[in-house]
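**Student:**
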Amino acid sequence: MTPGSTPAPAPRPGGTARLAGRTVSRIGYGAMQLERLRDRRDEAVALLRRAVELGVDHVDTAEFYGAGFVNDVIREALRPADDVVVVTKVGADPNPGGRVPLRPAQRPEELRASVEDNLRSLGVDRLDVVNLRRLDTGPGLRPEGDQVVGLDDQLAAMTALRDEGKIGAIGLSGVGLDTLRRALPAGIACVQNAYAVVARDDEDLLELCAAEDIAWVPFFPLGGAFPGLPKATDEPAVHAVAASPGVTPSQVGLAWLLHHAPHVLLIPGTADAAHLAENIAVGDIALDATALAALDAVTSRSYDVPIGCRPPVPSADGRSS
1 MTPGSTPAPA PRPGGTARLA GRTVSRIGYG AMQLERLRDR RDEAVALLRR
51 AVELGVDHVD TAEFYGAGFV NDVIREALRP ADDVVVVTKV GADPNPGGRV
101 PLRPAQRPEE LRASVEDNLR SLGVDRLDVV NLRRLDTGPG LRPEGDQVVG
151 LDDQLAAMTA LRDEGKIGAI GLSGVGLDTL RRALPAGIAC VQNAYAVVAR
201 DDEDLLELCA AEDIAWVPFF PLGGAFPGLP KATDEPAVHA VAASPGVTPS
251 QVGLAWLLHH APHVLLIPGT ADAAHLAENI AVGDIALDAT ALAALDAVTS
301 RSYDVPIGCR PPVPSADGRS S
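Residues 1 to 321 (the UniProt record's numbering) make up the sequence shown, in order.
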């Protein structure tokens, strides 16, 4: 590189896809695990900087990750020149000391308050994308009592925030097919549902998203984040495909998602730099027709399990995706 020249941008891992009108790398970063580095803040900032150096330009977060700690790290680590799309979410609030560390926050006024909290902790005037986590389906909490709120009321609040310039685009999370269809007139940029090679209940939603140019962003992409859920890394077919040198079963589970549909965006999370590099390397894994057929044949089990117990618990090195 000649003196004063600008470094070449990193290759976009996994190729590119569209998200809220932007072209982004298909492998992003889920920031939840940064909370594990609360006592090592410099490491958290450095990890996020490393993700950007490796080509990540799509980061998923929430104000309730670490009660604002994760957003604060993102605010410190990311620079305008990085041109990173930051996607956050509303629909739940922290519940410190509770049986479950989160509580539903589905009412319109709570959605607005959460947007304001995210704006403040991220230090921005406008959030690129905000996902409304409906809690209708998938593993996790279910709303009760006054937390059972109609979709139209929620979308009215979200679109008002978009009209005010506080939200750039609206996404959905934890929704079924009928909810997505009803929400389409509001303009939906992405859908985040639990989805993996071992849990493909939402194939119809994935197909509708493809038809409507909506990004499909699976969480729990390897399964097993809650007790009783299937795990991709328990499948013999996944291990057989991972027999190639230098390829792990976790990488195969993520690579299958990239191969399965071109509008899939990954947001694997980790608190470990070596694991971050492994996740980015997934974009270079080629699965041939035989491997894809074997993975497609894996039995799909339901993720649609209301869970009021423990949150996802990553292993000691932060290997949670």
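Note that CB positions come from ideal geometry on N, CA and C, so glycine has one too.
Using 10 angstroms around the beta-carbon of P80, count the other beta-carbons present and answer buried if the total reaches 16, otherwise exposed.
**Tutor:** Its Cβ having fewer than 16 others within 10 Å, P80 is exposed.
**Student:** Taking the C-alpha atoms as reference points, what is the distance between residue 372 and D57?
**Tutor:** There is no way to answer for residue 372, as the model of the chain reaches only from 1 to 321.
**Student:** So who's on the other strand from N131, going by DSSP bridges?
**Tutor:** For N131, which the question treats as bridged, DSSP gives the partners K89 and G171.
**Student:** Would you call S244 buried or exposed, if buried means 16 or more other Cβ atoms sit within 10 Å of its Cβ?
**Tutor:** So S244 ends up on the exposed side.
**Student:** Let me know if T23 comes out buried or exposed under the rule of 16 or more other beta-carbons within 10 Å of its beta-carbon.
**Tutor:** Per the 10 Å Cβ criterion, exposed.
**Student:** Quick check on the DSSP output: the alpha helix (DSSP H) that includes residue 322 runs from which residue to which?
**Tutor:** Because the chain in this structure spans residues 1 to 321, residue 322 falls outside the shown range and cannot be described.
**Student:** Taking all protein chains shown into account, decide if C309 is buried (16 or more other Cβ within 10 angstroms of its Cβ) or exposed.
**Tutor:** Unreliable positioning characterises C309 in this predicted model, as indicated by a pLDDT of 39, which lies under 50. The coordinate reading is nonetheless provided below. So C309 counts as exposed.
**Student:** Judging by CA-CA distance, which residue of E278, V298, N131 and V129 is the nearest neighbour of P13?
**Tutor:** The residue with the shortest Cα to Cα distance from P13 is E278.
**Student:** Please classify T6 as buried or exposed, where buried requires at least 16 neighbouring CB atoms within 10 angstroms.
**Tutor:** The predicted model places T6 with a pLDDT of 47, which falls under 50 and marks its position as unreliable; any figure quoted below should be read in that light. Exposed, by the Cβ-count rule.
**Student:** Throw me the rounded Cβ distance for the D146 and R200 pair, which I believe falls under 8 Å.
**Tutor:** Not confirmed; about 34 Å, so no contact.
**Student:** So, under 8 Å CB-CB, L132 and P143 are touching, yes? Tell me the CB distance rounded to an integer number of Å.
**Tutor:** Contact doesn't hold; Cβ gap of about 12 Å is too wide.
**Student:** Taking a contact to mean a Cβ-Cβ separation below 9 Å, would you say G28 touches L177 in this structure?
**Tutor:** No, the pair does not count as a contact, with Cβ atoms beyond the cut-off.
**Student:** Would you tell me roughly how many angstroms separate the C-alpha atoms of V90 and A271, rounded to the nearest one?
**Tutor:** Spanning the two alpha carbons is a distance of roughly 23 Å.
**Student:** Does R40 pass the burial test, meaning 16 or more other C-beta atoms within 10 Å, or should it be called exposed?
**Tutor:** Flag for R40 reads exposed.
**Student:** Counting Cβ pairs, one atom from each stretch, are 3 or more of them under 8 Å apart for the segment 226-242 and the segment 160-177?
**Tutor:** Short answer: they don't touch.
**Student:** Name the two residues that bound the continuous beta strand (DSSP E) containing residue 388.
**Tutor:** Examination of residue 388 is not possible in this model, given that the chain is present from 1 through 321 alone.
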